[in-house]
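Below: the structure, in structure tokens.
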Amino acid sequence: MGNIVVAPPNRAMIISGYRGQRILIGKCGFALFCIEEAHSLSLEIITITVNSTEAETVKGVKINLKSFAQVKVKSTVDGKLDINSIKLAATNFLSARESDIEDALQKTLEGHQRQIVGTLTVEELYKDRAAFSERVYEHVVDDLERLGFELASYTVASIGDLNGYMESLGKTQTAIVSREAAEGTARNQAESRKAIAKANADADIVAAENAERSYIRRQQQEEAQAEADRLLMLTKAQNRMEVNRADAEAASAKDIEYAKQKQAIVEAMATQRLREEEVMLKVKDVELQQAVNVARREAEALKLQAEAMGEKERFIGKAQADIIKMKGDAANEVLQQRAEIYKEFGHDAIVQNVVEMLPGL
């Protein structure tokens, strides 16, 4: 039988006795009655005020120094549980009250702080507190580890003295700072005036360059506008030329078409006149043929009359018949020549014209 022991994450529960020593953090365990005991050790940060009164510097100046240190049990190393440091802290302070623990740590820290003050001047302490804090940290860390603790942080709160040394040093430093500030102000004002003058000069240069670029841009824009106007006028002129060319071509085409139509009309009229002349020739040929036929009939009649009238009249009629025959032969020869001419115009056209004339005959 025994008690259940619960260890929160901010405390280490140390169970010792029959089964040896066990450390619990953030866990629970079991302590046997009579033969085992359970004790707790705080793992929280302990803030300690370290006061060094009338601590002497390396030059014998006594000062009062106040600092704050934050200390805790060294429970972890690189994220892992440091059992040895916890056991060491438990060995040194497990049964002590928290006030006793703080007092022991405060004395350790104050001793190292006073020791480091004795190696420095007031000016060094005054000007570089960070270096002083670093040296205290380096000296005290080993002693704290031997106690099972670690120094989380150390900062100097104030440095003073009872003889006005720090005040004088502050006044001197203030005077130096004031002088340097005045010199710096004068230098800064001079630099500022130089910078302003340079800025004004640069601004004037930039303004001149901008004005030049602006003038160049205006010239370029005007040149571009002039070029655009020239191209527009050229385009308009080309368009007018193309329109005029198209109009001329249209007018020429119109005149050519008119000439073609007029030529076609003239050719049609000439063809018509030719056909009319051909028809007239055919009519005349028919009339001539009729005349030839009449002449032949008359010749036949005269021949018969001549035969009837006797030998004398026969000779006379024969002569007359021969004359008429000769006329007919001549007429036939003319007809044959005309027929050859008609062949050139086409047989069908002549026949068509003759057919068209027959009703009138």
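Its first residue numbered 1, the sequence shown is counted upward by one per residue in the numbering used here. Note that CB positions come from ideal geometry on N, CA and C, so glycine has one too.
Give the DSSP bridge partners of F132, in chain order. According to DSSP, which records beta bridges pairwise, F132 is partnered with nothing at all.
Check each candidate in Q220, I101, Q290, N64 and name the one with the smallest Cα separation from V122. When only C-alpha atoms are compared, the closest one is N64.
Since I believe G26 is in contact with S85 (beta carbons under 8 Å), could you give me their beta-carbon distance rounded to a whole number of angstroms? Contact annotation, S85 with G26: C-beta distance approximately 17 Å; criterion of less than 8 Å not satisfied.
Looking at the secondary structure, which residues open and close the alpha helix (DSSP H) in which F93 lies? 83-93
Apply the 10 Å Cβ neighbour rule to A38 and answer buried if 16 or more other Cβ atoms are within range, or exposed otherwise. buried
Consider the Cβ of K127: report whether some Cβ of chain C lies at a distance smaller than 8 Å. Absence of chain C from the displayed structure is noted, only one protein chain being present.
Answer with buried or exposed for L41, where buried requires no fewer than 16 other C-beta atoms within 10 angstroms of its C-beta. By the neighbour-count rule (16 or more Cβ atoms within 10 Å), L41 is buried.
Per DSSP, what kind of secondary structure is S75 in: helix, strand or coil? coil
If you draw a straight line from the alpha carbon of A152 to that of L43, how long is it in whole angstroms? 12 Å
For I101, count neighbouring C-beta atoms within 10 Å of its own C-beta (all shown protein chains included) and say buried if the count is 16 or more, exposed if not. buried
Can you confirm whether the segment 106-119 touches the segment 135-146 when touching is taken to mean that 3 or more C-beta pairs between the two stretches lie within less than 8 Å? yes
Identify, in the order they occur along the chain, each residue of the same chain with its Cβ nearer than 8 Å to the Cβ of N2, setting aside the five sequence neighbours on each side. Strictly speaking, residue 2 in this sequence is Gly, with Asn absent from that position. For G2, where only same-chain residues beyond five positions count, the Cβ hits under 8 Å are F30, A31, L32, F33, E36.
Closest to R23 by CA distance: which of I46, Q70, L94, K66 is it? Correcting the residue identity first, residue 23 is Ile in this sequence and not Arg. If we check each option's Cα against that of I23, L94 comes out closest.
With DSSP run on the structure shown, which of helix, strand or coil describes I101? helix
Count the other CB atoms, across all protein chains shown, that sit within 10 Å of the CB of L99; report buried if there are 16 or more and exposed otherwise. Just to set this straight, residue 99 is Ser in the shown sequence, not Leu. Of the other Cβ atoms in all chains shown, fewer than 16 fall within 10 Å of the Cβ of S99; this residue is therefore exposed.
Check whether A157 and K66 have beta carbons under 8 Å apart: yes
So the beta strand (DSSP E) L32 belongs to, where does it begin and stop? 28-32
Beta-carbon proximity list for K59, same chain, < 6 Å, skipping 5 on both sides: T121
For M241, count neighbouring Cβ atoms within 10 angstroms of its own Cβ and tell me buried if that reaches 16, exposed if not. The residue is exposed, with fewer than 16 neighbouring Cβ atoms inside 10 Å.
Y215, buried or exposed, once every other Cβ within 10 Å from all chains shown has been counted against 16: Around the beta-carbon of Y215, fewer than 16 other beta-carbon atoms lie within 10 Å, marking it exposed.
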